[in-house]
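> Just so we're aligned, residue 2 is where the sequence shown starts under this note's numbering, counting upward by one.
Note that beta-carbon positions come from the ideal geometry of N, C-alpha and C, so glycine has one too.
Small disclaimer: the values here were computed from a predicted structure and weren't measured.
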Amino acid sequence: LGPDSGPLHLAVAVGAATVHLFGPADPVIFGPWGPGARHVVVQSHWACAGCGRFDWPDLPAHGCVREIEVDRVLQAVADLGIG
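#1: If you follow the alpha helix (DSSP H) that Val-74 is part of, which residue opens it and which one closes it?
#2: Starting from Val-13, follow the alpha helix (DSSP H) in both directions and report where the run begins and ends.
#3: May I have the straight-line CA-CA distance separating Phe-23 from Cys-65, to the nearest angstrom?
#4: Excluding the five sequence neighbours on either side, which residues of its own chain have a C-beta within less than 8 Å of the C-beta of Ala-18, listed in chain order?
#5: I need the boundaries of the beta strand (DSSP E) containing His-40, first residue and last residue.
#6: At what residues does the beta strand (DSSP E) containing Leu-85 begin and finish?
Take a look at the structure:
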């Protein structure tokens, strides 16, 4: 479980089930590969999610990342049977 990052892609490479939290990066381009049943992408419902903007000033995270509901993440973990 984690944000779109190198360590999460390494987890995919070794066959671990993963939950990817995506904000401004496009999961079609940067998302996990392999069997969809082993990997879940969770994004906010914002229309601009996947916009590619990485220039949010003075914020610890993009608004679209902060808007990902905890319940959706927990459900993704439960659906994969890794929680």
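For this structure:
#1: 71-81
#2: 7-14
#3: 8 Å
#4: Arg-39, His-40, Leu-81, Gly-82, Ile-83
#5: 40-44
#6: Outside the shown range of the chain, which is 2 to 84, sits residue 85, and nothing can be said about it.
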